[in-house]
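Numbering (our numbering), first residue to last: -10 to 194.
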Amino acid sequence: MNDISDFQKDAIAEMLNIGMGAAAASLSEMVNQEVLLSVPYVEFMNQGTAFEQIKNTVGENFKAVKEEFDGAFGGDAFLFFSDSHSKELVKILIDKDSLPEDLYEEMEKEVLTEIGNIVLNACLGSLADIFGKELELKIPEFMQGDFETVVSSDKIPVNANDVVLLLNMQFSLKEKDVSGFISLLMAVDSAKALTNEITEAFGVG
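Structure follows, in structure tokens:
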């Protein structure tokens, strides 16, 4: 499925914009500063291309929080930070400029998982509210290491030729050099369910 209409594509981008607006508001409260958002990116592509795009964006050394979602439509949601930006964000949130390395690693996992829980839930919850549907959200997981291991799942097993829907958006802190990315990956059947919801809600395909 790669025959998404311009209206559906624009609608998905706008919904991601709304969802990320809610997520940015939650993060802004945590860091006590404005969170800036990029223009949403929405595209169908081969899985291999999608993985490569995300990998090129986040770099080789990254930390991630992953949350699976299911219901009216399903997929995998990711919160990505480069190692350096992850470390800076943790310092902001615990209000300390330096920590012993062993303590920092423990705090990083805990803090980023909580950020992922709040930000991803705000984004996905907002998407569900738009359609008046419920989404089942799994417990967020802190992840690092091999990229394909991080992004693959039962919903989206690694197969470079499979078509997926990639939704991607960057966010950054206004007063600090910290940025991250939210990516949503959906297999074809879930993407079709999402576009059907759009058609039903707006009466336009």
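Using N, Cα and C, we set each Cβ at its ideal position, and we do this for glycine too.
Backbone CA spacing between G36 and N106 [nearest angstrom]
The residue asked about is misnamed: residue 36 is Gln in this sequence, not Gly. Rounded to the nearest whole angstrom, the C-alpha separation of Q36 and N106 is 25 Å.
Counting pairs of Cβ atoms below 8 Å between the stretch 34 to 50 and the stretch 109 to 117, do you hit three or more?
Touching, no.
Cβ pair count under 8 Å reaching 3, the stretch 47 to 60 against the stretch 70 to 80
Put simply, the stretch 47 to 60 touches the stretch 70 to 80. At least three CB pairs are less than 8 Å apart.
Can you check whether the CB of I(-7) is closer than 8 Å to the CB of Q184?
Checking the sequence shown, residue 184 turns out to be Thr, not Gln. Cβ distance < 8 Å, so T184 and I(-7) count as in contact.
Give the straight-line distance between the Cα atoms of A2 and V28, rounded to the nearest whole angstrom.
When only Cα atoms are considered, A2 and V28 end up about 8 Å apart.
If you pair each beta-carbon of the stretch 80 to 100 with each one of the stretch 59 to 68, do three or more pairs fall below 8 Å?
Taking one beta carbon from each stretch, the stretch 80 to 100 and the stretch 59 to 68 have fewer than 3 pairs nearer than 8 Å; the two do not touch.
Taking the Cβ atom as the reference point for each residue, do E25 and M158 lie within a distance shorter than 8 Å?
Here the sequence assigns Leu to residue 25, which means Glu is not the residue at that position. Their beta carbons are not under 8 Å apart, which means L25 does not touch M158 by this criterion.
Check this for me: beta carbons of F136 and K44, under 8 Å apart or not?
The answer is yes: Cβ separation under 8 Å.
If you draw a straight line from the C-alpha of E94 to the C-alpha of A0, how long is it?
Rounded to the nearest angstrom, the two C-alpha atoms are 40 Å apart.
Inter-residue CB distance, L162 and L174 (contact presumed, cutoff 8 Å)
Taking 8 Å as the upper bound for CB-CB distance, L162 and L174 are not in contact here, some 25 Å apart.
Distance, Cα to Cα, L5 vs A180?
One C-alpha to the other measures close to 14 Å.
Out of P129, I83, Y30 and L82, point me to the one whose CA is closest to D65's CA.
When each option's Cα is compared against that of D65, the closest is P129.
To the nearest angstrom, report how far apart K52 and M132 are at their CA atoms.
C-alpha of K52 to C-alpha of M132: approximately 6 Å in a straight line.
Cα-Cα separation between K127 and E164, rounded to whole angstroms:
Cα to Cα, the separation comes out at about 32 Å.
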